[in-house]
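Okay, so here's the structure we're looking at.
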Amino acid sequence: MASSNARVELPANLEDVPIEHLVQLIADMLERLMAHNDQIPLSPESLTRFHSRAAPGISVLEYLQRIVRFTNVEKSCLLLTLFYIDQICALRPRFTLSSLTCHRFIITSIAVSSKGLCDTFCPNKFYARVGGISVAELNMLEREFLHMIDWRLMCTREILHEYYINLIRTHSRGIYAVAGADSPLSSSDSDIDMDSGTSAPSSPELQARSVTSRSRRSTSEPSTILVEAGTPDAVPRPTLEQNMAFAALQNSQDRSR
């Protein structure tokens with residue numbers, strides 16, 4: 000039996016990567032991002048429609064595998080989920096991808112990107128069934144998603160390729176490498192190294208909320224891993240809906256103790 004830490008070589012072109020490996024790479028990154036962001040205290044003003052009352056019982060990896068199995072999603076749409084996370088975190092600094100938001104974000108992102116950029120896609124009724132939510136809820140999340148991202152759905156192939164290479168380089172177990180590369184792209188380089196060599200802030204509130212590489216910091220796209228969350232000039236007051244949702248979340252958590 001092969002070792003679970005055996006080196007796995009992946010093709011240099013993202014179009015050629017087996018989708019099961021791409022799912023593993025994306026899930027690994029999202030799980031680490033969620034573990035980090037779950038440390039950030041939940042506040043009323045940070046609540047969004049993507050927040051669930053409790054973390055779903057299915058892992059991100061299993062959830063992505065389920066989506067791939069039933070929707071035949073394109074690999075570009077899976078990678079676009081990471082791109083959209085970065086875009087929304089830049090446009091909406093209060094948003095965090097956590098165990099309460101990740102699953103709804105994923106199914107919404109895939110539904111939106113598939114319908115917006117692919118020749119074939121599923122109806123919302125099917126995406127909702129696969130994602131474990133109602134059609135009405137997915138419709139609401141889709142509208143919120145497009146508003147949060149300011150309808151910026153397009154992304155170049157070059158940027159997606161950078162996401163792909165960075166996922167290989169930063170995989171938590173360091174088992175992946177690009178075929179033909181002189182040396183494996185090890186994850187021994189810390190996430191801090193990806194931030195132009197600067198030290199990461201110690202407070203969770205100041206740490207990164209996104210998922211890409213240092214290579215994109217030279218472009219006009221928002222920068223990513225371990226980026227200090229900017230403080231808005233004017234902090235908006237929580238809405239009545241947010242306060243009610245936060246109170247309901249607290250009551251739910253109190254009952255589960």
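Position 96 of the sequence shown, counted from 1, bears residue number 95 in numbering that gives the first Met the number 0, the numbering being contiguous throughout. Glycine is no exception: its CB is placed at the ideal position from the N, C-alpha and C atoms. Remember, predicted model here, so these are calculated numbers, not experimental data.
| Item | Value |
| --- | --- |
| E73 in three-state terms, based on DSSP | coil |
| Boundaries (first-last residue) of the beta strand (DSSP E) holding E14 | Where E14 is concerned, there is no enclosing beta strand (DSSP E), given that its DSSP letter is neither H nor E. |
| Assigned secondary structure, S198 (DSSP; H/G/I helix, E/B strand, else coil) | Note on S198: pLDDT 33, under 50, position unreliable in the model; the coordinate value appears next. Reduced to three states, the DSSP call for S198 is coil. |
| C-beta atoms of T107 and F144 nearer than 8 Å | yes |
| Closest Cα partner of L140 within the set E161, I25 and F49 | F49 |
| Assigned exposure category for T100 - 16 Cβ within 10 Å defines buried | buried |
| As assigned by DSSP and simplified to three states, the class of L9 | strand |
| Distance, S58 Cα to S45 Cα | 23 Å |
| I39 versus H146 - alpha carbon distance | 24 Å |
| Residues near E30 in its chain [Cβ-Cβ closer than 6 Å; skip 5 each side] | V59 |
| Exposed unless 16 or more other CB atoms sit within 10 angstroms - verdict on C117 | exposed |
| Beta-carbon proximity of I148 to Y83, cut-off 8 Å | yes |
| As assigned by DSSP and simplified to three states, the class of A53 | coil |
| Helix, strand or coil at A176 [DSSP, three-state] | strand |
| Close Cβ partners of N123 (< 8 Å) along its chain, the five nearest in sequence each way excluded | A110, V134, L137, N138 and E141 |
| Contacts around G115, its chain only, beta-carbon distance under 8 Å, and the 5 residues preceding and following it disregarded | L152 |
| Collapsed DSSP secondary structure at G131 in the structure displayed | coil |
| Proximity winner among H102, W150 and L78, relative to L90 (alpha-carbon distances) | W150 |
| Span separating the alpha-carbon of A178 from that of R172 | 17 Å |
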